[in-house]
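Count along the sequence shown from 1, add 2, and you get the number used in this note's numbering. Note sheet for the following structure.
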Amino acid sequence: MNESSTSVHPGATPGRFEFDLTEPDPIPESGIVRANELMRSGRLFRYTEFDAGRVNDAALLESRFAEMVGRRYAVGVNSCGGAMFISLRALGVQPGDRVLVNGYTLSPVPGAIHHAGAVPVLVEITEELTVDLQDLRRKALASGARTLLLSHMRGHVADLDAVSNLCEELGLALVEDCAHTLGARWAGRTVGTFGRVGCFSTQTFKHMNSGEGGFIVTDDDEVAARAILHSGSYMLYEQHSARPPLSAFEPLRGKVANYSLRLSALAAALLLPQMDLLSERIQKMNLLYSRLESLVREIPHMRVIERAPREEYVGSSFQFMLPDFSPSQMVTVIGIAGDYGLPVKWFGEAAMRGFTSRPTHWEFVEYAVEVPQTDAILATLCDMRVPPSMQLEHCVIAADILRFAVQEATAVA
Ligand SMILES: *Cc1c(COP(=O)(O)O)cnc(C)c1O
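Below you can see the structure in the form of structure tokens.
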């Protein structure tokens with residue numbers, strides 16, 4: 003490595019960030035071939051009435067997904083938002099019920115609770131960006147909620163042993179939002195297998211890309227059968243391969259609403275070859291993440307998010323805070339980074355922008371529980387993507403730009 007790829011130059015005007023972080027990664031060629039074959043056959047819908055013996059790509063993918071995660075059952079659906087909505091319904095959440103959710107998450111998470119007719123109860127987070135266990139206990143007792151939708155937002159995993167124990171003690175059903183933790187582990191166990199149900203996303207900017215798509219995983223026969231029926235299987239559920247025995251469906255016939263939130267066979271065809279590439283992608287992202295983390299850690303005023311030794315994370319995006327910066331200094335940092343070609347997202351933004359929002363923006367959350375600790379953390383929290391196609395030298399340039407932006411913002415203060 004030459005000098006410029008190993009050191010950040012304090013005070014120097016940074017170079018431009020020439021890599022486009024807003025671009026998704028392409029579908030691997032083998033996925034394109036598979037999708038083309040499927041389109042020639044016309045069988046884009048996963049079920050067929052007359053040729054049931056044939057295993058559709060959606061069913062094949064579900065089996066492989068269940069095996070990878072280490073759960074008996076997997077149900078492909080249209081999105082992670084759809085997966086969370088169906089999971090809540092399959093667990094028996096009724097309209098008007100309260101559902102606990104950590105306040106640092108993406109808007110489709112409280113959205114899924116709202117979709118189920120239930121009421122989100124926001125729980126504080128800590129500076130590790132994970133759920134605050136004391137506040138979780140407090141809010142659970144105060145609200146009477148029976149369900150926790152735990153979002154591993156941006157891949158930050160809470161102490162899942164402690165969360166599981168607390169859920170057991172308080173009688174909470176745990177649903178995990180794993181949109182950012184495909185392949186992650188806590189204390190050696192796959193994230194998404196701690197809860198009754200785990201929900202995943204294959205939206206374009208997640209770990210596998212089918213445009214839209216999601217999964218529900220569970221070991222519970224009844225929840226799996228309900229989820230398959232809710233997802234829109236009609237009476238063709240037999241065509242699932244990662245499903246409970248047919249007897250699990252019998253008592254549910256005609257009693258479970260069809261919400262038509264299926265996984266398309268076309269999405270499955272795009273995803274099947276990506277399953278084989280996942281561990282390589284994760285390795286690449288983690289290498290980039292740790293490089294970025296060690297560089298940014300050295301920048302004055304910056305705070306990186308500390309990760310627990312028991313957390314094996316997937317670093318598909320990188321977060322940092324500037325705890326002593328004012329909103330106008332934050333605007334300066336984001337502006338300068340943008341001028342140098344580095345798109346940095348800021349959770350403290352006054353109005354919602356792009357994908358980024360925070361609890362005060364979610365006016366549809368009617369149950370007004372304040373989360374001041376979360377608001378204070380999000381006020382200076384920033385975020386950038388770390389796609390696997392990025393290179394190590396981009397980490398150096400990004401850190402150079404951030405250091406320069408922070409210096410400029412400090413100088414004008
Ligand atoms: C993207 C995302 C979702 C929603 O996934 P969709 O598949 O787009 O519905 C949910 N939770 C988190 C943390 C996400 O990042």
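Virtual Cβ for every residue (Gly too), placed ideally from N, Cα, C.
Residue of the options minimising C-alpha distance to residue i
i, options, result
"residue 354", "341, 380 and 247", "380"
"residue 406", "175, 251 and 303", "303"
"residue 92", "34, 254 and 127", "254"
"residue 40", "274, 145, 179 and 342", "274"
"residue 185", "347, 68 and 340", "68"
"residue 183", "271, 280, 128 and 144", "280"
"residue 73", "372, 325 and 197", "197"
"residue 367", "135, 206 and 114", "114"
"residue 32", "127, 272 and 256", "272"
"residue 242", "147, 58 and 309", "58"
"residue 375", "124, 244, 120 and 117", "124"
"residue 205", "307, 187, 222 and 180", "180"
"residue 264", "87, 116 and 53", "87"
"residue 342", "403, 314 and 282", "403"
"residue 277", "99, 30, 359 and 300", "30"
"residue 118", "330, 259 and 296", "259"
"residue 261", "50, 34, 84 and 245", "84"
"residue 329", "338, 352 and 300", "352"
"residue 116", "413, 364 and 371", "364"
"residue 314", "300, 296, 101 and 291", "291"
Rounded straight-line distance, which links the Cα of residue j to that of residue i
i, j, result
"residue 154", "residue 27", "22 Å"
"residue 411", "residue 305", "16 Å"
"residue 168", "residue 220", "20 Å"
"residue 251", "residue 227", "6 Å"
"residue 38", "residue 63", "17 Å"
"residue 16", "residue 65", "48 Å"
"residue 5", "residue 395", "Note that residue 5 scores 40 on pLDDT, short of 50, meaning its location in the model is unreliable; the coordinates nonetheless yield the value given after this. Approximately 11 Å between the Cα atoms of the pair."
"residue 294", "residue 103", "30 Å"
"residue 216", "residue 21", "28 Å"
"residue 112", "residue 97", "14 Å"
"residue 200", "residue 208", "16 Å"
"residue 332", "residue 309", "24 Å"
"residue 8", "residue 349", "Interpretation of residue 8 is limited by its pLDDT of 44, a score under 50 that renders its predicted location unreliable; no figure is taken from the coordinates."
"residue 138", "residue 46", "43 Å"
"residue 99", "residue 147", "7 Å"
"residue 36", "residue 44", "12 Å"
"residue 25", "residue 287", "15 Å"
"residue 257", "residue 359", "37 Å"
"residue 34", "residue 318", "24 Å"
Cβ-based burial, residue i [other Cβ within 10 Å; buried from 16]
i, result
"residue 56", "exposed"
"residue 389", "buried"
"residue 237", "exposed"
"residue 192", "buried"
"residue 325", "exposed"
"residue 149", "buried"
"residue 211", "buried"
"residue 322", "buried"
"residue 52", "exposed"
"residue 235", "buried"
"residue 134", "buried"
"residue 122", "buried"
Under 8 Å between C-beta atoms of residue i and residue j
i, j, result
"residue 233", "residue 82", "no"
"residue 177", "residue 89", "yes"
"residue 312", "residue 160", "no"
"residue 320", "residue 392", "no"
"residue 384", "residue 347", "yes"
"residue 298", "residue 401", "yes"
"residue 194", "residue 316", "no"
"residue 108", "residue 357", "yes"
"residue 130", "residue 158", "yes"
"residue 152", "residue 165", "yes"
"residue 269", "residue 340", "no"
"residue 450", "residue 95", "In this structure the chain extends from 3 to 415, so residue 450 is not present and cannot be described."
"residue 19", "residue 344", "yes"
"residue 105", "residue 408", "no"
"residue 327", "residue 382", "yes"
Whole-Å CB distance - residue i paired with residue j, under 8 Å assumed
i, j, result
"residue 284", "residue 76", "Contact flag wrong, Cβ pair sits at about 19 Å."
"residue 240", "residue 248", "6 Å"
"residue 60", "residue 42", "Residue 60 to residue 42, Cβ: 17 Å. No contact."
"residue 144", "residue 172", "At roughly 12 Å, the Cβ-Cβ gap does not stay under 8 Å, so residue 144 and residue 172 are not in contact."
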